[in-house]
Amino acid sequence: FTGSADGTVKMWRRVYGGTAHALIIVLRSELSPVNALTICHAASGTTRRCFLYAGSSDGYVNIWEKEASAGRPVHVGFLKGHRLAVFCLTSGCGGRVVVSGSEDATMRVWRREGKGGESHTCLAVIEGHRGPVRCLAVGGGEAGEVEGSMVVYSAGLDKSVKVWRIRVVGKEEEDDEDDEDDDGEEEMEDIVAAGKGDVDAV
């Protein structure tokens, strides 16, 4: 999948046995430039599904859904919360959680809900940068892979790179861990996204 300033997302398939790619589908929701893409996979019974998220300059994140091995992506909705352009996206926690970074200097943590997966809840709004958030990545290792926990790296135009541990927990769960760096040069922020958007910053 590729996103473009012309407001389209294009789906390409590699030609069998070669390195060339053929254009399969052109997706279009609005005319706003597409700045970022991320893909999540989910299993529903014996069917594997793919969710495509596209962050745009209008502050929206559009969502398409398709079967992982066949079918045409269907537009199933959008995420609305950022005031300015969405510059970057990443996913983790088994593909159930998406993090968006924006020109408004915030990050938002979204969780896909329900059996259909079309509805989303904003669990947290992270305000740590003093400028637009330009890049997001999920760290490797156990914390980036286990259900309910992920390590996210964010880079902003404030010339900082921040490291966040995001844990998605229920309302009844509490966490008393406190991680601090001795020299103060590197910082690990703990964000606990609980229930309907309650957030504790440790």
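Going by the numbering used here, the first residue of the sequence shown is number 178, and it counts up by one from there.
Where a beta carbon is used, it is the ideal one built from N, C-alpha and C, also for glycine.
### Query
Short check: CB of Arg-285 to CB of Val-310, under 8 Å?
If you number the sequence shown from 1, residue 285 lands on position 108. If you number the sequence shown from 1, residue 310 lands on position 133. No.
### Task
Work out the CA separation of Gly-308 and Gly-333 for me, nearest whole Å.
Position 156 of the sequence shown, counted from the start, is the residue given in the question as residue 333. Position 131 of the sequence shown, counted from the start, is the residue given in the question as residue 308. Straight-line Cα distance between these residues: approximately 6 Å.
### Query
Between which two residues does the beta strand (DSSP E) harbouring Cys-265 extend?
For the purposes of this step, residue 265 is taken as residue 88 along the sequence shown, with counting starting at 1. Note, Cys-265: beta strand (DSSP E), 263–269.
### Task
Give a yes or no on whether the minimum CB-CB distance between Thr-224 and chain B is below 8 Å.
In the displayed structure, chain B is absent; only one protein chain is listed.
#### Entry: Of the listed residues Gly-195, Met-327, Lys-187, Ser-209, nearest to Phe-264 (C-alpha basis)
Taking the first residue of the sequence shown as 1, we reach residue 264 at position 87. The shortest C-alpha separation from Phe-264 is found at Ser-209.
### Task
Express the C-alpha separation of Trp-189 and Glu-244 in angstroms, rounding to a whole number.
As a working note, residue 244 is residue 67 in the sequence shown. As a working note, residue 189 is residue 12 in the sequence shown. So the two alpha carbons sit approximately 16 Å from each other.
#### Entry: Thr-224 versus Cys-270, Phe-255, Glu-242, Asp-281, residue with shortest Cα-Cα distance
Translated into positions along the sequence shown, residue 224 becomes position 47. The shortest C-alpha separation from Thr-224 is found at Glu-242.
### Task
Look up Asn-239 in the DSSP assignment and give the residues it is bridged to.
Counted from its first residue, the sequence shown places residue 239 at position 62. Asn-239 is bridged to Ala-231, Phe-255.
### Task
With DSSP as the reference, label His-306 as helix, strand or coil.
The count along the sequence shown starts at 1 and reaches residue 306 at position 129. His-306 falls in the coil class under three-state DSSP.
### Query
To the nearest angstrom, how far is it from the Cα of Gly-305 to the Cα of Gly-278?
Locating residue 305 in the sequence shown gives position 128, where the first residue counts as 1. Locating residue 278 in the sequence shown gives position 101, where the first residue counts as 1. If you take the alpha carbons of Gly-305 and Gly-278, they lie about 11 Å apart.
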